[in-house]
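Visitor: Structure incoming, see below.
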Amino acid sequence: MDTRVELTKRIPILALIILAALGVALIFLIVRSPLRPRLVTASPAPSVTAPPTVLSPAIQSTAHPTSIWSALLAQTPYPHTTPLPDSSRSPVDGTYAKFDPSWPQWWACLRCADYRPAGGIWKLQFDQGVMRIYYDVTGWRSLASFTVSGDRLHVFNDPYCPQDAGEYAWSLADGSLELEVVDDPCSINLRGENLSQQPWLACEPPDAATAASDDWDKPPGCEERPAFLPTAIPPDLDVTVVIHRGDARKYSKPPDVYAVANSADLPPPKGIQVTYSDDSIPYGLNRILWQEGDWVQATTDAAFAAMGVQFYGDYIIGWARVLFDGVEVWRGDTSAIWSDLGQHGGYVEISGFGPGTHTIRAERLAVDSRPVRVLYFGFSNEAGVKSQATAGEPGNPADSVRVAGARQFRARLRY
């Protein structure tokens, strides 16, 4: 009896101990769980191999245009909605080009409509069921499938409008391919507008004899690119040439006087004359040089110690040369001088000249179709511009120093 009473008294105590232990364990789990790293083993995703031939609608590249076109030639369409046609030749097979005389696109654009007509060189190729098209100014390109039935050309499997098929009436005579839109809704009808805007001139010679001699006038866009050396300064100059990176207006010692390239928008200071070729394009304070040989220049007889020209724009800006008093002092790819946050270019400065009337001139080189954007000319009263870090200082050494006879040549890159 005493034993049962004792057990009865102990049971509540044991229950309380058990409940307390459970509570402590529960609290421990609750507190610890958020701190414990969880190892999650995800199920392997299904293997999806994107065809390397599918082009992204937003394509930018600073590669040389020749390499872009070569890469495009190695690509074939993806059968988005329609099987690829047979790889057989058609009556329109060949490579063609056209020069659009309207203003080119000299700015980078991620949201511009595809196939939008713009000035400059376009290339088009039909090759055994594959259509390739390329805009030489920006590097934009696409490819699609095509078939020919009688006088009708059908285009499909275009990555920019995979659901749309285009139909054209075509004619080819004397090396000139003309396309007339029958129906093509691709890219809000811009593909049809582009392809039919003007004749496409064949890049192949008219006959075998001409092909053997290679003596014929190739249409713009078909000729071989001129062989230009990389950024270069002649080694035998009476002046000092310095290539500065970026915008010289942001330096610790910027130019003392500015004359904007588009003098029609803002006249130059007294004593400075800014002139330019008729084909150059006004763009705010800039002049856009886009035809072969387009130029803009500044002339002054003021007693400045240094003069420079500022190239500045998107990655699309291309090759130019700088002349001082009629002598070439630099040539190169203006977009390759410097780049930061989508902006490219630099300031080419000349110093070491004597008193008198001097002219600094920027001229476009037709290495490719990229335009050259000139923002301003700068003039310094003493020495030249100076950035926070100058050539020879830690972290920014002189790019090169060469001596030719008694004349000193310096080419520096400055931030």
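Be aware that the sequence shown starts at 1030, since it is given in our numbering, and climbs by one per residue. Backbone N, C-alpha and C fix where the C-beta goes; we use that ideal spot for every residue, glycine too.
Quick check: the Cα distance between residue 1263 and residue 1349, rounded to an integer number of angstroms?
Guide: 15 Å
Visitor: Along the chain, where does the beta strand (DSSP E) that runs through residue 1315 open and close?
Guide: 1315 to 1318
Visitor: Check each candidate in 1144, 1204 and 1403 and name the one with the smallest Cα separation from residue 1306.
Guide: 1403
Visitor: Buried or exposed, going by whether 16 or more other CB atoms sit within 10 Å of the CB of residue 1169?
Guide: buried
Visitor: Suppose you measure from the CA of residue 1196 to the CA of residue 1351; what does that come to, to the nearest Å?
Guide: Near 48 Å, if we compare the C-alpha coordinates of residue 1351 and residue 1196.
Visitor: Output the boundary residues of the beta strand (DSSP E) element that contains residue 1195.
Guide: 1195 to 1202
Visitor: Excluding the 5 residues preceding and the 5 following residue 1146 in the sequence, name in chain order all residues of the same chain whose CB lies nearer than 8 Å to its CB.
Guide: 1129, 1131, 1219, 1222, 1223 and 1226
Visitor: Do residue 1299 and residue 1229 have their C-beta atoms closer together than 7 Å?
Guide: no
Visitor: For the putative contact between residue 1274 and residue 1346, defined by C-beta atoms under 8 Å, what is the C-beta separation to the nearest angstrom?
Guide: Between residue 1346 and residue 1274 the Cβ distance is about 14 Å, and since that is not below 8 Å, they are no contact.
Visitor: Taking the beta strand (DSSP E) that residue 1357 falls in, what are its first and last residues?
Guide: Following the DSSP letters along the chain, one finds residue 1357 inside the beta strand (DSSP E) bounded by residues 1356 to 1362.
Visitor: Closest by CA to residue 1395, which one among 1214, 1250 and 1408?
Guide: 1250
Visitor: Take residue 1391 as the anchor and find which of 1410, 1358 and 1277 has the nearest alpha-carbon.
Guide: 1358
Visitor: Which residue marks the beginning of the alpha helix (DSSP H) containing residue 1404, and which one marks its end?
Guide: Note, residue 1404: premise wrong, no alpha helix (DSSP H); beta strand (DSSP E) at 1401 to 1409.
Visitor: Apply the 10 Å Cβ neighbour rule to residue 1339 and answer buried if 16 or more other Cβ atoms are within range, or exposed otherwise.
Guide: buried
Visitor: Answer yes or no: do residue 1327 and residue 1303 have a C-beta to C-beta separation smaller than 7 Å?
Guide: yes
Visitor: Decide yes or no for the touch test of the stretch 1111 to 1121 against the stretch 1152 to 1163: beta carbon pairs closer than 8 Å, at least 3 of them.
Guide: yes
Visitor: Can you find the residues in the same chain that come closer than 6 Å, C-beta to C-beta, to residue 1151, ignoring five residues on each side of it along the sequence?
Guide: So the list reads 1127 and 1164, once near-sequence residues are dropped.
Visitor: Taking a contact to mean a Cβ-Cβ separation below 7 Å, would you say residue 1364 touches residue 1341 in this structure?
Guide: No. Outside cutoff.
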